[in-house]
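*Asks:*
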Amino acid sequence: MIKIAIIGYGKMGKEIENTAQDFNYQIVSIIDQNDNLIDEIKKHKPDVAIEFTNANAVVNNIKTCVDMRLPVVSGTTGWDNELEEIKKYTLQNNGSVLWGSNFNLGVNLWFDFVDYISEKMKTYEDYKVRLEEIHHIHKLDKPSGTAIQAAQILMKHYNFKNWSLDDKEDYLNIKSIRQGEEVGTHSVIFTSLFDQITIEHKNFSRKALAIGALTAANWIIDHPGFYIFHDVYQEIFNH
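Residues 1 to 239, numbered by the working numbering, are exactly what the sequence shown covers, in order.
Structure follows, in structure tokens:
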């Protein structure tokens, strides 16, 4: 039985705890902001950690896991500028780290669809492209990590300077909406003067994210290195 430490006990931490029971995983430690991460790891000796915290804590959490030779899966978003630092640190110290902006199988298929349709649509100059994402009012980062990953896919095919939350010329516009308890909806929208094409993913439950994170945790134990979930999701779900 795989022994898991949960780092961060928010909405996703609780969902992972509940879902783990369905997969016969053992949660040996739940580490929240007032707990000492090093002491908890030493005490409970988990096989792997799953980390969902915040942008201020994630880098230190991952580095600690790497230092303690503990494989870690992280779903924390809002720290994209430091991903390269963590990748370098992981590889230099022989760690095992897997990060994902979204662990939902459907979202990662959606990334592939966005890549495919963008390659087709870029030749039709009458269609302008934009992104929209909707999440619950408690989500702190804007735009979502999933929207940023989709933006990076679009920018492979379109000559944007970058993405922006504002409607700026030569930038890919991302509209971020925070309302109610929305789990997460992401849309890529192609609009002409006469019609509109939308490719959308709507998430109904955090359980899909928890299943993906747990499956990734099982996978990363035997795969030293630094990985992005989208790069390995097909292998993970076919494992």
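Glycine included, every Cβ here is placed at the ideal spot set by N, Cα and C.
(1) Which residues share a DSSP beta bridge with E133?
(2) Quick check on this structure: which residue in G10, K142, G184 has the alpha carbon closest to the alpha carbon of S164?
(3) Are the beta-carbon atoms belonging to I174 and E200 less than 8 Å from one another?
(4) Would you kindly report the start and end of the unbroken beta strand (DSSP E) that includes G225?
(5) If you draw a straight line from the C-alpha of K56 to the C-alpha of E119, how long is it?
(6) Look up Y25 in the DSSP assignment and say whether it is helix, strand or coil.
(7) Apart from the five residues just before and just after M1, which ones in its own chain have a Cβ nearer than 8 Å to its Cβ?
(8) Let me confirm a value: N61 is counted as buried when at least 16 other C-beta atoms fall within 10 Å, else exposed. Which label applies?
(9) Which residues bound the alpha helix (DSSP H) around I4?
(10) What's the gap between the Cα of D170 and the Cα of K156?
(11) If I'm right that E15 touches R206 with Cβ under 8 Å, what's the distance once you round it to whole angstroms?
(12) How about the stretch 224–237 and the stretch 32–51: do they share at least three Cβ pairs that are nearer than 8 Å?
(13) Starting from T19, trace the alpha helix (DSSP H) in both directions and tell me its first and last residue.
(14) Do you know how far the Cα of F52 is from the Cα of G10?
(15) Relative to the alpha-carbon of K63, which residue among L172, K42, E85, N81 has its alpha-carbon at the smallest distance?
(16) Where in the stretch 105–169 do unbroken runs of the alpha helix (DSSP H), each at least 4 residues long, occur, reported from the N-terminal end onward?
(17) With a threshold of 16 other CB atoms inside 10 Å of the CB of Q149, please say whether the residue is buried or exposed.
(18) State the CB to CB distance for the pair S96 and G225, rounded to an integer number of angstroms; the pair is presumed to be in contact (CB under 8 Å).
(19) Would you say N54 and L140 are within 8 Å of each other, going by their C-beta atoms?
(20) Which ranges does the alpha helix (DSSP H) cover as unbroken runs of at least 4 residues, wholly within the stretch 31–64, from first to last along the chain?
(21) Going straight from the alpha carbon of F103 to that of I228, what length do you get?
*Replies:* So, from the listed chains and residues:
(1) DSSP, once it has assigned bridges, lists S176, H186 as partnering E133.
(2) K142
(3) no
(4) 225–228
(5) Before going further, note that residue 56 is Asn rather than Lys in the sequence given. In a straight line, the C-alpha of N56 is about 36 Å away from that of E119.
(6) coil
(7) Excluding five sequence positions before and after M1, the CB atoms of its chain that fall closer than 8 Å to its own CB belong to N24, Y25, Q26, given in chain order.
(8) N61 is classed as buried because its beta carbon has at least 16 other beta carbons within 10 Å across all chains shown.
(9) Segment 3–7 is the beta strand (DSSP E) holding I4; no alpha helix (DSSP H) there.
(10) 14 Å
(11) 4 Å
(12) Under the 8 Å Cβ criterion, the stretch 224–237 does not count as touching the stretch 32–51, having fewer than three qualifying pairs.
(13) 11–20
(14) Going from the Cα of G10 to the Cα of F52 covers about 8 Å.
(15) Closest in alpha carbon position to K63, among L172, K42, E85, N81, is E85.
(16) 105–121, 145–157
(17) With a threshold of 16 other beta carbon atoms within 10 Å, Q149 meets it and is buried.
(18) 7 Å
(19) N54 is a Cβ neighbour of L140, given a cutoff of 8 Å.
(20) 37–44
(21) 10 Å
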